[in-house]
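Residue numbers (the numbering used here): 2 to 267. Okay, structure first, notes after.
In structure tokens form, the structure reads like this:
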């Protein structure tokens, strides 16, 4: 029996949808992440449970995580890091994140791809391709949506995510673009520890941008924060022509050290 088939209260459909998407795999979890950000289109009963898909997907066990990282780096985790927390900071559809410390004591985060994720994504995308082609052939009314082209474009995007060197390069570019900014800080990348399946970057502490209650409790000037959000986005688009394209709340934090002048962390 699958979790979403168990008998549950009528109002529990958001949680059943979340469980179903997790079971279906990473491509479908990504779809759930998108829905979770669209409170303008979907009710809270749907979006609230799906918010867990942003950074609280069931994680890989800590011992298995160390084994996987040892395989990626070619040596034991203990040989590379002075400390390694087996409990993940976040766990998403494609990767999960662990806190660690370098031998010099610097606090870092390690992002690494889940074991076997490439094969799982390939199977998911192949399924989406077949379904989109079937619908395109059988339902003339939806041909204007060009579903096969949408899936082909998504395939390119998701495959790019499976090479963390690309993400590291993009993060390093954003770090340079906002090096002198008072509105946004992008953690630096430690290139000596970056591979196709893992990347290491500076650990920065902040409050989740979607955790409104904690932001208000910290005295954050919400109007100023909103103004800075608009400024950061337009600066990326119009000044740099290089922007963060995955800005769901699981990826954006707020430095509330100076509540009247908050700063985003990307």
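Glycine included, each C-beta is placed from N, C-alpha and C at the ideal position. Note that this is a predicted model, so its numbers are computed, not measured.
Buried versus exposed, by CB contacts within 10 Å (16 or more), residue i
| i | result |
| --- | --- |
| residue 134 | exposed |
| residue 251 | buried |
| residue 117 | exposed |
| residue 239 | exposed |
| residue 217 | exposed |
| residue 259 | exposed |
| residue 19 | buried |
| residue 76 | exposed |
| residue 159 | buried |
| residue 142 | exposed |
| residue 30 | buried |
| residue 40 | exposed |
| residue 208 | buried |
| residue 213 | exposed |
Collapsed DSSP secondary structure at residue i in the structure displayed
| i | result |
| --- | --- |
| residue 209 | strand |
| residue 76 | coil |
| residue 170 | helix |
| residue 32 | helix |
| residue 254 | strand |
| residue 57 | strand |
| residue 40 | coil |
| residue 5 | Its pLDDT being 45, under 50, residue 5 is placed unreliably in this model, and the value from its coordinates should be taken loosely. Residue 5: helix per DSSP, three-state reduction. |
| residue 10 | Per-residue confidence for residue 10 stands at a pLDDT of 49, beneath the threshold of 50, marking its modelled position as unreliable; the derived number appears in the next sentence. Reduced to three states, the DSSP call for residue 10 is coil. |
| residue 261 | coil |
C-alpha gap between residue i and residue j, whole angstroms
| i | j | result |
| --- | --- | --- |
| residue 220 | residue 261 | 8 Å |
| residue 166 | residue 197 | 5 Å |
| residue 144 | residue 132 | 13 Å |
| residue 103 | residue 138 | 55 Å |
| residue 74 | residue 201 | 11 Å |
| residue 14 | residue 46 | 8 Å |
| residue 121 | residue 25 | 10 Å |
| residue 222 | residue 211 | 14 Å |
| residue 182 | residue 140 | 50 Å |
| residue 98 | residue 147 | 36 Å |
| residue 254 | residue 88 | 20 Å |
| residue 64 | residue 92 | 15 Å |
| residue 82 | residue 170 | 22 Å |
| residue 48 | residue 55 | 11 Å |
| residue 191 | residue 105 | 13 Å |
| residue 27 | residue 125 | 8 Å |
| residue 205 | residue 136 | 45 Å |
| residue 44 | residue 16 | 13 Å |
| residue 123 | residue 184 | 38 Å |
| residue 72 | residue 62 | 15 Å |
| residue 107 | residue 267 | 19 Å |
| residue 236 | residue 168 | 20 Å |
| residue 150 | residue 37 | 24 Å |
Short Cβ contact (9 Å threshold) for residue i with residue j
| i | j | result |
| --- | --- | --- |
| residue 95 | residue 129 | no |
| residue 22 | residue 33 | yes |
| residue 114 | residue 100 | no |
| residue 186 | residue 256 | yes |
| residue 226 | residue 265 | yes |
| residue 174 | residue 243 | yes |
| residue 179 | residue 110 | no |
| residue 1 | residue 58 | Because the chain is modelled from 2 through 267, residue 1 falls outside the range shown and cannot be assessed. |
| residue 203 | residue 215 | no |
| residue 246 | residue 70 | no |
| residue 119 | residue 163 | yes |
Segments assigned beta strand (DSSP E), at least 3 residues, entirely inside the stretch 153 to 205: 199 to 203
Every unbroken alpha helix (DSSP H) inside the stretch 77 to 158 [4 residues or more]: 78 to 81, 118 to 139
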